[in-house]
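Protein chains in written order, with this note's numbering: chain X, 1368 to 1566; chain R, 1368 to 1566.
Data first, discussion second: the structure below is written as structure tokens.
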């Protein structure tokens, strides 16, 4: 059985949990509290030298890091990742977009507002994070004005990856009301079979 | 013939150029100067709404963004990307590591020192970029103490992606002398057939 190391409330850790639920695959969840530094303890660094969650243990001692690499690994040969070369390339493009142009702004703004005290120095980062995150939301919204989902016209791991932090963008101080296409897409994602809410 | 939009001197744009050289695939190069804002002109945004390079035009009007998605697309069914599920997952893990934990520090530090005047306000970011970039180099070095390459024991697109900004880390103010395993790996990458220097 897969073992998944992660932190509840983390969007990156929610991604593989949602996919595993939709694949109807059982797994063991191991809670790691990054706020207590648990991912930088020696025994954890021996599993993932980069000290991050989520981490998938495939077999005892065989570990895969990076939320979107985990999604890809689990989705191979399932309806959540196309077999078509061009659709796979587009899925991958959006997975990299998510990690480079989206998560560093939406997830970080949410982290600051949700987990840090209001007088914390990192609140000064919010204006820049909001500006950059809005740009990412604009790119998504323009795509969704013409498409039902991100990679082709079928729900895939690209949607799972982008849903994780977009659906809680308001916790980071983002206003989704101007992004009508995104709001419609969030509803379509929530309507997928075996959808699982983030906890 | 492929058309590749990119900026000379950019590590992200160098990645697909290096792979295309090693695959011996001809392509047309279209220079886009990000410093002049050319990737935010209306006609460019119509090709890539995220306004970044590189961008691969596969067929007229068919565009793929994100350097590492382009690498994956081009490397499918070639010796530069394994067909084995676990080796592919590891390659993808390192591609995401590169974009999330490496490039935002090594590439950005290099950009500041190489392209901005010494009195620019962004020089204040360098201490934090160096600290985080050193961490990424540490993760790489520990891996390379036990492995010849990043995904399995064969040169792959994971090596190409990580080579791009690691081999010019010193331009960003990083000192590679403590990272003996990285320095050995850089030599092995340079020794690959049809290696192309970054210009």
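Ideal placement from N, C-alpha and C gives every residue a C-beta, glycine not left out.
{"Item": "Candidates 1403/R, 1487/R, 1390/R, of which the one nearest residue 1446/R by Cα", "Value": "1390/R"}
{"Item": "Min CB distance residue 1490/X to chain R below 9 Å", "Value": "no"}
{"Item": "Member of 1428/X, 1450/X, 1423/X, 1448/X whose CA lies at the smallest distance from the CA of residue 1437/X", "Value": "1423/X"}
{"Item": "Strand pairing of residue 1456/R, partner residues [DSSP]", "Value": "According to DSSP, residue 1456/R bridges with nothing at all."}
{"Item": "Residue ranges of each alpha helix (DSSP H) within the region 1398-1442 of chain R, 4 or longer", "Value": "1409-1412, 1434-1442"}
{"Item": "For residue 1373/R, the residue or residues it bridges with in DSSP", "Value": "1398/R"}
{"Item": "Partners in chain X for residue 1432/R, counting only beta-carbon separations shorter than 9 Å", "Value": "1460, 1463, 1464"}
{"Item": "Short CB-CB distance (under 9 Å) between residue 1440/X and chain R", "Value": "yes"}
{"Item": "Own chain residues within Cβ distance below 6 Å of residue 1516/R, not counting five before or after", "Value": "1522, 1526"}
{"Item": "Complete runs of the beta strand (DSSP E) confined to the region 1499-1554 of chain R [at least 3 residues]", "Value": "none"}
{"Item": "Residue closest to residue 1579/R, alpha-carbon to alpha-carbon, out of 1404/R, 1427/R, 1402/R", "Value": "What is shown of chain R runs 1368 to 1566, which leaves residue 1579/R out entirely."}
{"Item": "DSSP three-state assignment for residue 1474/R, whether helix, strand or coil", "Value": "helix"}
{"Item": "Cβ shell of residue 1414/R (< 8 Å), same chain only, five flanking positions each side left out", "Value": "1372, 1422, 1424, 1430"}
{"Item": "Whether residue 1548/R touches residue 1457/R by CB criterion (9 Å)", "Value": "no"}
{"Item": "Local Cβ density within 10 Å of residue 1440/X, reported as buried at 16 or more and exposed below that", "Value": "buried"}
{"Item": "Beta-carbon proximity check, residue 1434/X vs residue 1379/X, cutoff 9 Å", "Value": "yes"}
{"Item": "Below-9 Å beta-carbon distance, residue 1384/R vs any chain X residue", "Value": "no"}
{"Item": "Contact check, residue 1541/X vs residue 1476/X, beta carbons under 9 Å", "Value": "yes"}
{"Item": "9 Å Cβ cutoff met for residue 1398/X and residue 1375/X", "Value": "yes"}
{"Item": "Contacts around residue 1553/R, its chain only, beta-carbon distance under 6 Å, and the 5 residues preceding and following it disregarded", "Value": "1534"}
{"Item": "Amino acids of chain A, ordered along the chain, whose beta-carbon sits closer than 7 Å to that of residue 1530/X", "Value": "Looking at the structure shown, chain A is missing, and the protein chains on hand are X and R."}
{"Item": "Residue 1563/X - containing alpha helix (DSSP H), residue span", "Value": "Neither: residue 1563/X is in no alpha helix (DSSP H) and is coded neither H nor E."}
{"Item": "Residue 1451/X classed as buried or exposed, judged by whether at least 16 other C-beta atoms fall within 10 angstroms", "Value": "exposed"}
{"Item": "Inter-residue spacing [alpha-carbon to alpha-carbon] between residue 1494/R and residue 1508/X", "Value": "36 Å"}
{"Item": "Nearest to residue 1444/R (by Cα), restricted to the options 1471/R, 1532/R, 1559/R, 1524/R", "Value": "1524/R"}
{"Item": "Residue 1509/X: contacting residues in chain R (beta-carbon distance under 7 Å)", "Value": "1416"}
{"Item": "9 Å Cβ cutoff, residue 1479/X in contact with chain R", "Value": "no"}
{"Item": "Chain R residues whose Cβ lies nearer than 8 Å to that of residue 1452/X", "Value": "1440, 1443"}
{"Item": "Amino acids of chain X, ordered along the chain, whose beta-carbon sits closer than 8 Å to that of residue 1435/R", "Value": "1459, 1463"}
{"Item": "CA-to-CA distance, residue 1418/R to residue 1497/X, given in whole angstroms", "Value": "18 Å"}
{"Item": "Closer than 7 Å at the beta carbon, the chain X residues around residue 1506/R", "Value": "1416, 1417"}
{"Item": "Under 9 Å between C-beta atoms of residue 1536/X and residue 1500/X", "Value": "yes"}
{"Item": "Pick from 1545/X, 1504/X, 1392/X that is closest to residue 1472/X, judged by C-alpha positions", "Value": "1504/X"}
{"Item": "Buried or exposed (CB count within 10 angstroms, at least 16 for buried), residue 1408/X", "Value": "exposed"}
{"Item": "Nearest-angstrom beta carbon gap, residue 1384/R and residue 1563/R [assumed within contact, 8 Å]", "Value": "7 Å"}
{"Item": "CA nearest to the CA of residue 1403/R, picked from 1386/R, 1556/R, 1482/R", "Value": "1482/R"}
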